[in-house]
Amino acid sequence: MNNWISALADLQNQGEPCVLVTIIEELGSTPRNAGSKMVISAAQTFDTIGGGHLEYKAMQIAREMLARGQQNTHLERFSLGASLGQCCGGVTVLLFEPMGQVQAQIAVFGAGHVGRALVPLLAGLPCRVRWIDSREQEFPQQIPEGVRKIVSEEPVDEIADLPVGSYCIVMTHNHALDLELSAALLKRNDFAYFGLIGSQTKRVKFEHRLRDRGFDTAQLQRMRCPMGLAEVKGKLPVEIAISIAGEIIATYNANFGQNNASAEPIAKLLPVSRRSQATH
């Protein structure tokens, strides 16, 4: 039996979702007092709220919440009598709090000025972020918690390791690299979101070159370029970053609980962006 608070910290550092279960009310004879807690992940339990069938039922409820990806808290009242297989005779009320649910796996290609403004915003969301660039000197000294820095001489090779349903943002320093990343992502075609920084002119050029490589209209429509919410205007890196982060939030909230790899195209969820002057 591990201490619940240490277990919770470890699971959150690992990005593993769990449920914190707390006895918030006790009436009569109960196995443990109000305030007792346990942590339940998909495969493990930590600490105890008293054992027996009560704890078994708590584990069952918590794991059902994890399987559904439930975000909201849940209250449940248990009578500790014969129906629960316990003889205490009291009443316990349990609070179930989902912790660490990851709503999006995000890959950011590029550690330039917009990338450096964007990644800290994404790190504050219920997301896990891979931040990829070939230029180690472009990364800040302090990488936000929940962000994995990847220095790769061949950023395109990192696409093979992305989870299905990833959110992919391409904003490197090199248009030729942007094109190769775009082609590799469209070839996999199992992302939830793919945004490419740039203007409408850049999109037209990229579409022409990608069509020459055999990509069809349906595939190209999944590429969001220009990307970002049109309502968030401005050309400063932080303004562009906020626009992109807003689009990511709108997309994962719209798609949460679905099979992200086959989610509706982003164009059906969001207005057409007017960020036609976005630059690197």
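Residues 1 to 280 (UniProt numbering) make up the sequence shown, in order. All residues carry an ideal CB built from backbone N, CA and C; glycine is no exception.
Residue environment, residue i, which counts as buried when at least 16 other CB atoms sit within 10 Å
| i | result |
| --- | --- |
| residue 292 | Not covered by the structure: residue 292. The range shown for the chain is 1 to 280. |
| residue 152 | exposed |
| residue 257 | Caution is warranted here: a pLDDT of 48 is assigned to residue 257, below 50, making its placement in the model unreliable, and no coordinate value can be reported. |
| residue 224 | buried |
| residue 75 | exposed |
| residue 136 | exposed |
| residue 202 | buried |
| residue 281 | Residue 281 falls outside the range modelled here, since the chain spans only 1 to 280, and no answer is possible. |
| residue 212 | exposed |
| residue 209 | exposed |
| residue 216 | exposed |
| residue 167 | buried |
| residue 197 | buried |
| residue 56 | exposed |
Whole-angstrom distance between residue j and residue i, CA atom to CA atom
| i | j | result |
| --- | --- | --- |
| residue 11 | residue 251 | 26 angstroms |
| residue 117 | residue 53 | 50 angstroms |
| residue 7 | residue 43 | 13 angstroms |
| residue 49 | residue 173 | 54 angstroms |
| residue 14 | residue 141 | 21 angstroms |
| residue 273 | residue 234 | Only weak support is given to the placement of residue 273: the predicted model assigns it a pLDDT of 43, under 50, and the value that follows is read from those uncertain coordinates. Computed Cα separation, rounded: 12 angstroms. |
| residue 175 | residue 246 | 24 angstroms |
| residue 19 | residue 199 | 44 angstroms |
| residue 139 | residue 90 | 57 angstroms |
| residue 238 | residue 222 | 25 angstroms |
| residue 154 | residue 134 | 7 angstroms |
| residue 34 | residue 67 | 27 angstroms |
| residue 259 | residue 191 | The pLDDT assigned to residue 259 is 45, lower than 50, so where the model puts this residue is not dependable, and the model offers no usable value. |
| residue 244 | residue 3 | 39 angstroms |
| residue 97 | residue 73 | 5 angstroms |
| residue 36 | residue 51 | 12 angstroms |
| residue 240 | residue 227 | 9 angstroms |
| residue 158 | residue 218 | 24 angstroms |
| residue 93 | residue 188 | 48 angstroms |
DSSP-derived helix/strand/coil call for residue i
| i | result |
| --- | --- |
| residue 197 | coil |
| residue 215 | coil |
| residue 169 | strand |
| residue 128 | strand |
| residue 158 | helix |
| residue 222 | coil |
| residue 133 | strand |
| residue 237 | helix |
| residue 98 | strand |
| residue 107 | strand |
| residue 191 | coil |
| residue 152 | coil |
Presumed contact (8 angstroms Cβ cut-off) between residue i and residue j, rounded CB distance
| i | j | result |
| --- | --- | --- |
| residue 156 | residue 181 | 6 angstroms |
| residue 170 | residue 112 | 12 angstroms between Cβ atoms; not a contact. |
| residue 121 | residue 242 | 7 angstroms |
| residue 107 | residue 162 | 5 angstroms |
Taking the runs of the beta strand (DSSP E) that are 3 residues or longer, which of them lie wholly in the UniProt domain "XdhC- CoxI" (12 to 77)? 18 to 27, 37 to 41 and 45 to 47
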